[in-house]
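K.L.:
Dropping the structure in here first, questions after.
Protein chains: 2
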Amino acid sequence: MKKNAFYAQSGGVTSVINATAGALILESKKYKSKIGKVLAGKNGILGALREDLIDTSKESLSSIKNLRNTPGGVFGSCRFKLKSLADNKREYQRLIEVFKAHNIGYFFYNGGNDSADTAYKVSQISDEMGYPINCIAIPKTVDNDLAVTDCCPGFGSAAKYIATSTLEASLDVASMSETSTKVFILEVMGRHAGWMAAASALARSSKGDAPHIILFPEIVFNEDKFLSKVKQIVLKYGYCVIVTSEGVKNKDGHFLAESDLKDAFGHSQLGGVAPYLASLISKKLSLKNHWAVSDYLQRSARHIASKTDLLHAEAVGVHAVRYAVKGMNGVMPIIKRGKGNNYTWKIEPAPLSKIANVEKKLPKSYISIDGFNVTNKAVNYLRPLIAGEAFPDFKNGIPSIKKLKLEMVKKKLPDWKV
Amino acid sequence: MKKNAFYAQSGGVTSVINATAGALILESKKYKSKIGKVLAGKNGILGALREDLIDTSKESLSSIKNLRNTPGGVFGSCRFKLKSLADNKREYQRLIEVFKAHNIGYFFYNGGNDSADTAYKVSQISDEMGYPINCIAIPKTVDNDLAVTDCCPGFGSAAKYIATSTLEASLDVASMSETSTKVFILEVMGRHAGWMAAASALARSSKGDAPHIILFPEIVFNEDKFLSKVKQIVLKYGYCVIVTSEGVKNKDGHFLAESDLKDAFGHSQLGGVAPYLASLISKKLSLKNHWAVSDYLQRSARHIASKTDLLHAEAVGVHAVRYAVKGMNGVMPIIKRGKGNNYTWKIEPAPLSKIANVEKKLPKSYISIDGFNVTNKAVNYLRPLIAGEAFPDFKNGIPSIKKLKLEMVKKKLPDWKV
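Protein sequences, first through last, are from chains Y and G.
Under the working numbering, the letters of the first sequence match residues 10 to 427, in that order.
Under the working numbering, the letters of the second sequence match residues 10 to 427, in that order.
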């Protein structure tokens, strides 16, 4: 029984989420007796609710293959979380209606733990509503905070960007520190988990190398301890490189740089820890400093993607299709690390019930006792994830991006207001 | 008559200034009858004043060759400007003493227009003081603001970083704009000249592509006009990408994000235009926005260096040596663009008198009439400068950096206090 597939991207995009999409579309073509078209949601799950479906079969093979070189979310992503079944059954019913209308039997949801939760709920309700669907959540998040999977596609590339940028900027600062900047602060993403900040440790090759201080959301910020550490490092090395998570909090549990904006998931919108720390260092230590905030640059930096991460991203797309055609439901293809010193990995299915809404923070054993560094255990975990380069093609000096046609499927249902 | 050479790096470093150093050292080895050792100043010109001289002949050939892959200033740079001859003749005399003590007959000063000025003064005074030296200033600055030369080594790579980052981040923003961030602001360097901000225009491949607004130091910031433009762009495209120079000023001539810190050259230390604009957009337009400040990341991003820029950087190092052994004095090897549609270039000597202390801003003909964009003329000028990739070697997932021995030459003179 041949069914169409629905694929949607959810939440913050990454430099390799389109690689997952491309691999999934290509793999689907191998199961012509089971999978018809892959329809992509325009702007994520909103595309399903609004019946805004993109017909990926209209794209050329080369465009689909080129998705592995394209950062961002090519079909559009969204920050829109379906409410609980009790609160808004109407949304789930609408999803099923749209799926029915377009003969969709496979639901691939590419996102973080919020999306795993949605896919999990749809996997439960579709049976109840008499329209069974194979729901597969596919991991994606630069935050690397999904449970069960060893790591999350998107993270390795952001980590490689952060390690490379920290290394490069530290060489700059070191060379100028005698008469100019003594302290450099790089702010990276990571609202509740310090994985991205931790990745900056991969910039080091020998003792004394930057970063000298890493600040994690998992560790309460202690101003005195921090300032004394900065002073000590500048005395010892002549300069100090600090990498801070956006989500560092003080002892009252407030973000150091809290704004009153919230996104659609109810999360605070952060930014500005680096200038906060810079001002602190200027005032209290009178040390000349510079700061950078990499923001979206770090999660879209396809030009410095990790090859390992890119392969992970493609593999989860491929396995999502394989699980779906095997009739699996409510699972996620996760990355499982092999034992032994040489890094190996494989993809396995894991139940969404164990992943949905769970946030994996940095384990205590990954953070040094003083709270300003990672342990060797963390480095051993992180290092393989940034291994290998996968430079995109360049044209006219910039990465070559092929634009898709993004042809919409004709609507069959009445309009729907979100 | 064989003389040693002195080489120093000055001012803000770039991702390719070490490529110039490496090429200069390698080229010097070809003139064994004229050039003895190349001694590098530790921390720039301070190294000459303090007699802190690094013996580059102790480095392995592979280390010197690897300098083309190493960002930052490997011998140390400094923000230290020699005063005028009238104000501090003592410093110039000390330079000559150190040069005499170490049999230095060639002075290579790798920097911007301040450094060209110093080299120019030394070229004049050395004759007067009876110790003739061949002074060659070598261009280097991400600011691209040197006169006479068509462009400045370091700029093309920063420009490629900015164009690539703008492209990548814009794909991210575009994919999320329906339910999340509508405006993205990237702050780039450029205190008085908008060359780096202008380079963001190279991110575009077709009409409507980001960046949608570029802010230059050359154009007075008009809040109303700016906000109305942002609103208009968001209505039209659903999102708006803004690239702003750090040095944008209001009608009173004040930097939008002025701090009261000044560096050793008396320049204000800037930073923070992006959060300023972000806050303005939040308050006045209630549009969700994100911002990034690339700061040192943009000028140290060797991993995304322009091959053209790298070749320029090496060529000016090579020609500096050739000019010196020909007995030239008070000149700079500059980059001269050929005529015709295909980009060609060569190196020529130019007198420092025409370069010292002159700042080349964006010509009016490079900025659109509304002040928010560049013209085709600017794009035609800029495009060739970011052409070609020159990825460094990677090891363990990060660029492979070879550390130098940096062996110091034995001092012969009494200590000197700056």
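By construction, the Cβ of each residue, glycine as well, lies at the ideal position given by its N, Cα and C atoms.
Quick check on the burial criterion: 16 or more other C-beta atoms within 10 angstroms. Buried or exposed for G/Ser135?
P.N.:
When all chains shown are included, G/Ser135 counts as buried.
K.L.:
For Y/Ala95, count neighbouring C-beta atoms within 10 Å of its own C-beta (all shown protein chains included) and say buried if the count is 16 or more, exposed if not.
P.N.:
It is exposed - the Cβ of Y/Ala95 has fewer than 16 other Cβ atoms within 10 Å.
K.L.:
Look at the Cβ atom of Y/Pro80, then the Cβ atom of Y/His321, and state whether they are nearer than 7 Å.
P.N.:
Taking 7 Å as the Cβ cut-off, Y/Pro80 and Y/His321 do not qualify as a contacting pair.
K.L.:
With a 10 Å radius around its C-beta and 16 neighbouring C-beta atoms as the bar for buried, classify G/His263 as buried or exposed.
P.N.:
It counts as exposed.
K.L.:
Do you know whose CA, among Y/Gly281, Y/Glu36, Y/Gly56, Y/Pro423, lies nearest Y/Ile194's CA?
P.N.:
Considering only alpha carbons, the answer is Y/Gly281.
K.L.:
Please confirm whether Y/Glu60 has its beta-carbon closer than 7 Å to some beta-carbon of chain G.
P.N.:
No, Y/Glu60 does not count as interfacial toward chain G.
K.L.:
Mind checking who Y/Pro342 pairs with in its DSSP beta bridge?
P.N.:
Y/Pro358.
K.L.:
Near G/Lys240, what residues of its chain come up, given a Cβ to Cβ distance below 7 Å and the 5 sequence neighbours on each side ignored?
P.N.:
Answer for G/Lys240: Leu294, listed in chain order.
K.L.:
Which residues in chain Y sit within 8 Å of G/Ile222, going by Cβ to Cβ distance?
P.N.:
Residues of chain Y passing the Cβ test: none, with the nearest at roughly 17 Å.
K.L.:
Is the beta carbon of G/Pro220 less than 7 Å from the beta carbon of G/Ser209?
P.N.:
Yes, the pair counts as a contact, with Cβ atoms nearer than the cut-off.
K.L.:
Residues in its own chain within less than 6 Å of Y/Asp61 by CB, not counting five upstream and five downstream?
P.N.:
If we look at Y/Asp61 and ignore the five residues flanking it on each side, its Cβ neighbours are Lys51.
K.L.:
Given a cut-off of 7 Å, decide if Y/Leu33 and Y/Val508 are closer than it, judged by their beta-carbon atoms.
P.N.:
For residue 508 of chain Y there is no data in the structure shown, the boundaries of chain Y being 10 and 427.
K.L.:
Just to confirm before moving on: does the CB-CB distance between G/Arg200 and G/Gly256 stay below 7 Å?
P.N.:
Their beta carbons are under 7 Å apart, which means G/Arg200 touches G/Gly256 by this criterion.
K.L.:
Per DSSP, G/Cys144 is paired with what?
P.N.:
DSSP lists G/Phe116 as partners of G/Cys144.
K.L.:
Kindly list, in the order they appear in chain Y, the residues whose Cβ is closer than 9 Å to that of G/Trp425.
P.N.:
Under the 9 Å cutoff, chain Y gives no residues; its nearest Cβ is about 15 Å from G/Trp425.
K.L.:
Which whole-angstrom value describes the C-beta separation of G/Leu394 and G/Asp318, a residue pair presumed to lie in contact below a C-beta threshold of 8 Å?
P.N.:
Yes, G/Leu394 and G/Asp318 are in contact; Cβ-Cβ is about 6 Å, under 8 Å.
K.L.:
Which full runs of the alpha helix (DSSP H) of 4+ residues lie inside the segment 188 to 244 of chain Y, going along the chain?
P.N.:
For the segment 188 to 244 of chain Y, whole alpha helix (DSSP H) runs of length 4 or above, ordered along the chain, are 204 to 208.
K.L.:
Note down the Cα distance separating G/Val325 from G/Ala359, rounded to an integer number of angstroms.
P.N.:
Their Cα atoms are separated by approximately 12 Å.
K.L.:
Give me the Cα-Cα distance between Y/Lys98 and Y/Lys411, rounded to the nearest whole angstrom.
P.N.:
Cα to Cα, Y/Lys98 sits roughly 39 Å from Y/Lys411.
K.L.:
Output needed for Y/Thr429: all residues of its chain with C-beta closer than 7 Å, excluding positions within five of it in sequence on either side, in chain order.
P.N.:
Chain Y is shown from 10 up to 427; residue 429 of chain Y falls before or after that span and cannot be answered.
K.L.:
Whole angstroms are fine: how far does the CA of Y/Gly53 sit from the CA of G/Lys429?
P.N.:
This structure does not reach residue 429 of chain G, given that chain G is present from 10 up to 427, and the question cannot be answered.
K.L.:
Cβ of Y/Thr65 less than 7 Å from any chain G Cβ?
P.N.:
Closer than 7 Å: no.
K.L.:
Can you tell me whether G/Lys335 is buried or exposed, with buried defined as 16 or more other CB within 10 angstroms of its CB?
P.N.:
Per the 10 Å Cβ criterion, exposed.
K.L.:
DSSP three-state call for Y/Lys335: helix, strand or coil?
P.N.:
If DSSP states are grouped into helix, strand and coil, Y/Lys335 belongs with coil.
K.L.:
At what residue ranges does the segment 13 to 72 of chain Y contain a whole run of the beta strand (DSSP E), taking only runs of 3 or more?
P.N.:
Qualifying beta strand (DSSP E) stretches, in chain order: 44 to 50, 62 to 64.
K.L.:
For Y/Val131 and Y/Arg103, what's the separation of their Cα atoms in angstroms?
P.N.:
Approximately 11 Å between the Cα atoms of the pair.
K.L.:
Mapping DSSP to helix, strand and coil, what is G/Pro408?
P.N.:
Here G/Pro408 sits in strand by DSSP.
K.L.:
CB-CB under 7 Å to Y/Lys260, same chain, minus the five flanking residues each way: which ones, in chain order?
P.N.:
Within the same chain, Y/Lys260 has close Cβ partners Val229.
K.L.:
Hey, would you say Y/Ala30 sits closer than 7 Å to Y/Met341, going by beta carbons?
P.N.:
For Y/Ala30 and Y/Met341, no; Cβs fall outside 7 Å.
K.L.:
If you follow the beta strand (DSSP E) that G/Thr253 is in, where does it begin and where does it stop?
P.N.:
Its beta strand (DSSP E) spans residues 249 to 254.
K.L.:
Please confirm whether Y/Leu48 has its beta-carbon closer than 7 Å to some beta-carbon of chain G.
P.N.:
Output row for Y/Leu48: interface = no.
K.L.:
To the nearest whole angstrom, what separates the beta carbons of Y/Asn337 and Y/Asn143, a pair I think is in contact under 8 Å?
P.N.:
Sequence check: residue 337 of chain Y is Met here, not Asn. About 6 Å; that satisfies the 8 Å criterion.
K.L.:
Which residues, in chain order, does the segment 176 to 199 of chain G contribute to contact with chain Y at a C-beta distance below 7 Å?
P.N.:
For the segment 176 to 199 of chain G, which is checked against every Cβ of chain Y, the residues closer than 7 Å are Leu176, Glu177, Ala178, Leu180, Asp181, Val182, Ala183, Ser184, Met185, Glu187, Thr188, Ser189, Phe193.
K.L.:
Can you name, in chain order, every residue of its own chain whose Cβ lies under 6 Å from the Cβ of Y/Ser24, other than the five neighbours on each side?
P.N.:
Cβ neighbours of Y/Ser24 beyond the five flanking positions: Pro80, Ser166, Ser309, Ala310, Arg311, Ala314.
K.L.:
Look at the alpha carbon of Y/Asn385 and the alpha carbon of Y/Lys345, and state the distance between them as a whole number of angstroms.
P.N.:
Taking the straight line from one Cα to the other gives about 20 Å.
K.L.:
Distance cutoff 7 Å, beta carbons only. Does Y/Lys238 sit that close to anything in chain G?
P.N.:
No - not a single Cβ of chain G is within 7 Å of the one on Y/Lys238.
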